[in-house]
Amino acid sequence: MSATDRDIRLAVQAGTVASASIIAFQIAGKATRDALFLSNYEILALPAMIMGASALSLLLAGLVSRTGGRLDPARAVPLGFALSALLTLGEWALVGEYPRAVAIVLYLHFTGLGALLISGFWSVVSERFDPRTAKRQIARIAAGGTVGGLLGGMMAERSAALWSIEALFPMLALLHVAAAVLTARMGRATPSPAPTAEFTEHRKLPRSGLQVLRRSPYLTTIGALVFLTALSEGLLDLSFKAWASSGMRGEDLLRFFAVFYTATALITVLVQTLATKRLLRRFGLAVSAAGLPAVVALGAGGVMLFPGLIQIMLARGAESVARNSLYRSAYELLFNPVNALDKRVIKPILDVGFVRTGDLAAGALAQIVLFLSPAGARGLPMYALTFVLAVAAMAVARRLHRGYLKTLEKSLVVRGSYLEDDGSSNVAQTAIMQTLGAIDLTQFREKKSATHASEATVAGVPPAEPTGAPKLDPVMERILELRSRDRSRVRRALAEAPLTLELVPYVVPLLAWDEVARTAMRALRPLADRATGLLTDYLLDPDSDFSIRRRLPLILADATTQRAADGLLAGLEDHRFEVRYRCGRVLSRMHARDASLRVDRVRVLAMIDREVAVDQGVWESRRLLDATEDDDKSPILDEALRTRADRSLEHVFTMLSLILPAQPLRVAFRGLFTDDALLRGTALEYLESALPDDLRRKLWPFLETPIRRGRHPQSSGDALQGLLSSEDTIADRLDALKRLREESQD
382 MSATDRDIRL AVQAGTVASA SIIAFQIAGK ATRDALFLSN YEILALPAMI
432 MGASALSLLL AGLVSRTGGR LDPARAVPLG FALSALLTLG EWALVGEYPR
482 AVAIVLYLHF TGLGALLISG FWSVVSERFD PRTAKRQIAR IAAGGTVGGL
532 LGGMMAERSA ALWSIEALFP MLALLHVAAA VLTARMGRAT PSPAPTAEFT
582 EHRKLPRSGL QVLRRSPYLT TIGALVFLTA LSEGLLDLSF KAWASSGMRG
632 EDLLRFFAVF YTATALITVL VQTLATKRLL RRFGLAVSAA GLPAVVALGA
682 GGVMLFPGLI QIMLARGAES VARNSLYRSA YELLFNPVNA LDKRVIKPIL
732 DVGFVRTGDL AAGALAQIVL FLSPAGARGL PMYALTFVLA VAAMAVARRL
782 HRGYLKTLEK SLVVRGSYLE DDGSSNVAQT AIMQTLGAID LTQFREKKSA
832 THASEATVAG VPPAEPTGAP KLDPVMERIL ELRSRDRSRV RRALAEAPLT
882 LELVPYVVPL LAWDEVARTA MRALRPLADR ATGLLTDYLL DPDSDFSIRR
932 RLPLILADAT TQRAADGLLA GLEDHRFEVR YRCGRVLSRM HARDASLRVD
982 RVRVLAMIDR EVAVDQGVWE SRRLLDATED DDKSPILDEA LRTRADRSLE
1032 HVFTMLSLIL PAQPLRVAFR GLFTDDALLR GTALEYLESA LPDDLRRKLW
1082 PFLETPIRRG RHPQSSGDAL QGLLSSEDTI ADRLDALKRL REESQD
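Using the numbering used here, the first residue of the sequence shown is number 382, and each one after it goes up by one.
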C-alpha cells in the first residue's frame, strides 16, 4: 500500500468515527436543547429564540468567513470542538441552579457554534480528498454520522428514563472531546497539492463571501437552495414541536424527542447503508439534493390533508432521514469543484449563514402565522406555506447540474494550469496504457538505384506516352505527366502551377503512391473548398484505396464549409480505424475554428459508443501506418503525451471535443495520466458528470485502467507483428506488405 493510500485509509477511518461523535452530539444535544427550553418556556417563545440563535449564527459565520482564507480548518476546527466541550461542562455546572438561563445559553451554543463546527469538519474532509475519492468515501464518512445519530438518540432516551436532563451534559462534552481528537488526526493527512498551489498564489487577495457569490452563479444557486430548504424545514419543525409540547413537559418531553430522534437515526442508518450510494450514482448530485425539499413538500401536503401528531411526526421524520442521508452526501459533494480558497470563505456562510437566515425567516413567518391564524403553528396556513417554499427549493435545485458541470470545467482548467506551471513531466512518465508511435515501414524497403525509372507503381496508371506523340494542349500534357510512372515527372507536374478542378480526379489516385503522396496532398489542399464533393466521394467510397481514404481528411483540413464537415462526420463511420481517426482530428480542428459548423450530437455519441464497444485487446492494438506533419495538431494531445497516449483513447476524446468544451476536455485527458491525485480525481468526476450513463459505463474500464510505469516503446518489427492481434489492423498490414512486394519486383 502506497503512502498516499495509507493516508487516505487513515483519514477515512478518523473521519468516520469523528462524524459519529459529532452527529451523536447533535442528536442528543438537540433533544436536550428542545426539552430544556420547552420545559421552561412556552411554545410562543420558541420563534423568538430561533431568531436570536440564528442571528448569533450569522455573526459567527461572518467572522469565520472573513478569516477562512487564513485559517487552516484542520487546525481551527479541533480547537472549536474543544471549546464547545468546555462550554458544555460550564452549562452542566449551572443548569441545576439556573435552568432558565442555561436553556437560553444552550440553545445559542448548540445552534450557533454546533452548526459552524459541522461545516468546518466537512471542510477538513473536502480538502483531504480529490473529487473522485471524496465521491467514493464521503458516503462512508456520512454513514458514520448516521450511526452516531442512532447512538446519540439512544443516549438521550436512556438518560431521560434513568437519570435526568442534567446527566446528558458531561456525555455531550465527551463527544466533542472525541471529535476534536479525531478531526485533528484526520487533518494530519497530506492535503492535495493543487489547493496548496492556489493558497500560495492567491492567499493575499482580499476575498469576502459576497465577492465569491457574485463571481459564482453556481454558489449562488446552492445558497438559494440552502435558504429555501432551511426556511421550509424550519416551519415544519416548528409545527412538529408545537404538537409535541402541547401535552408533555420535562423528562417526558426529553424522552419523546429522544425516541423520535433515535427512530429517525435508525432509519437513516438503513437508508445511508443500503440506498444513498446507489441513489447518488443513479440520479446524480442535483436530483439527490432536490430530494430533501421534495420530501418536505410531500410531508406538508400530507399533513394538510390529514392533520395530526402521527402525521406531523412522519413528515418531520422523513425530512430528518432525507437530510442526514442522501441530501448530506449530495450537498457536500456539490463543493468538490469549487476553488479551495473560495470554499473556505463561502462554506461557513452557506452552511451556517444561509441556514440560519432561513431559520430566522422561518421564525418571523411563524410569528406572523401565530398572530393571524387561530390554529397557530398547527393550522393549515403553516403547512401551505411550507409546501410552497419546498416546491420553490425543488425548482432551484434543477439548475445545479449545469452549474456543477461548468464549475468542474473551470476547476479542470485551473488545476491543469498549476500542473503545467510547476513544469511537471509526470504525464509522460505515468501513461495509462501501452502505446506506440507511428510505424515506419520504410525500413523494410530495399535500397534501389537512383536511376531506376520505375520505383513505384500506382494501380491503373498506363505506360508513359511514346516520345514522338503529337503535342497536346497544356492541360492534357499535365494529365499525362501526372499519370506517368516517373516520380520526378509527377512531382514536377504537381508543383509547376496551382491545380485546377479538372486535374483533381487525376491527382487523388496519387495519394496511394507513398513516394509522391505528400506532394499531392500539398497540391490538393488549396482546392479543399471547391472540390469538397469529389474529395468526400473518394473518402466515403469503401472501394477507394485505403491509402487514399486515410490521407484525404488531411486535405479537407483547410476546408471551411458545412459540406466538408458533413463528409468528415460521415467518415467517422468508416470500417478502418485510421480513416476514422484522421476524420475525427480534422473535424475537431474545423469545429474549433468555426463553432457555427453543425455537428449532430446524437450521431457523435452513437459513433463513440461503437468505438468503445470492443475488448481490451482490440482497443490497445489500434495503430497508425502514416506519420504526417499534422500529427502535432491534435485537439487533445500535447507534447508530453504524444509518444505515450494510446490512439483509441485519444480518438474517443477527439470525438468528445465535438460535443463538449475542448479546453476542459483536454485538461481532463491529461489529468488521466498524471500523478496529481486532485487533478486526476477532478478529471474523472468531470467525465462522469458530463458523459451519458450508457457511454460512461462502457468507457470507464478504459479510463480507470491502472497506470503502467516503466514501459518502453516496442521496436517497429515487434509493433508490425503486434498488428496481427487486431482484426481492425490485419488489412492495414496486408496493404503494407503488398506495396513492399510490388516495389521489390521493380
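A virtual CB, placed ideally from N, CA and C, is assigned to each residue, including glycine.
- Assigned with DSSP and collapsed to three states, R521 falls in helix.
- The C-beta distance from T610 to A681 rounds to 13 angstroms, too long to fall under 8 angstroms, and the pair is not in contact.
- Less than 8 angstroms separates the beta-carbon of G461 from that of L498.
- Between Y599 and T413, the CB-CB gap reaches or exceeds 8 angstroms.
- The segment 591 to 608 makes contact with the segment 732 to 740, as at least three CB pairs between them are under 8 angstroms.
- In its chain, beyond the 5 residues on either side, no residue has a beta carbon closer than 6 angstroms to the beta carbon of D618.
- D981 counts as exposed, since fewer than 16 other C-beta atoms from the protein chains shown sit within 10 angstroms of its C-beta.
- For the set L880, L875 and S925, the Cα lying nearest the Cα of A893 is the one of S925.
- Taking C-alpha positions only, R970 is separated from T1035 by approximately 9 angstroms.
- Cβ-Cβ distances below 6 angstroms link V993 to K1079 and L1080 in the same chain, with the five nearest sequence neighbours on each side left out; the list follows chain order.
- When W503, A743 and I546 are compared, the shortest CA-CA separation from A639 is found for I546.
- Under the three-pair Cβ rule at 8 angstroms, the segment 523 to 539 counts as touching the segment 396 to 405.
- R979 is classed as exposed because its beta carbon has fewer than 16 other beta carbons within 10 Å across all chains shown.
- Selection L707, A675, V398 and G495 evaluated against R779 yields A675 as nearest (Cα-Cα).
- Per DSSP, the continuous alpha helix (DSSP H) segment holding Y887 begins and ends at V885 to V888.
- The straight-line gap separating the alpha-carbon atoms of A399 and R387 is approximately 18 angstroms.
- Here D1075 has D990 as same chain residues with Cβ atoms under 8 angstroms from its own Cβ, once five neighbours each way along the sequence are excluded.
- Buried is the label assigned to M432, since at least 16 other Cβ atoms lie within 10 Å of its Cβ.
- Between the alpha carbons of W544 and D633 lies a gap of roughly 12 angstroms.
- Contact between I424 and S701 is ruled out by a C-beta separation of about 20 angstroms, above the 8 angstroms threshold.
- Between P729 and S435, the CB-CB gap reaches or exceeds 8 angstroms.
- Following the DSSP letters along the chain, one finds Y488 inside the alpha helix (DSSP H) bounded by residues P480 to L489.
- DSSP, reduced to helix, strand and coil, places T514 within a helical segment of the structure shown.
- For the 8 angstroms CB-CB criterion, V889 and Y919 form a contact.
- Restricting attention to R709, R521, I727 and M552, the CA atom closest to the CA of Q592 is found in I727.
- Secondary structure of I431 (DSSP, three-state): helix.
- Proximity to G665 across L786, T469 and Q692 peaks at L786, based on C-alpha coordinates.
- About 6 angstroms separates the CB atoms of S613 and A774; that is less than 8 angstroms, so the two are in contact.
- Taken through DSSP and simplified to helix, strand or coil, G533 comes out as helix.
- The shortest C-alpha to C-alpha distance from V995 to any of R595, A976, L1030 and L968 is the one to L1030.
- Nearest to F1083 by C-alpha distance, out of G998, V777, L793 and S1038, is G998.
- Of the candidates G672, A747 and F621, the residue whose Cα lies closest to the Cα of Q692 is F621.
- Separation of the CB atoms of L968 and L1039 is rounded to 7 angstroms, and the pair is thereby assigned contact status at 8 angstroms.
- Within the segment 760 to 784, the runs of alpha helix (DSSP H) at least 4 residues long that lie entirely inside it are, in chain order, 761 to 778.
- Of all alpha-carbon atoms in L419, L555 and V393, the one lying nearest the alpha-carbon of R509 is that of V393.
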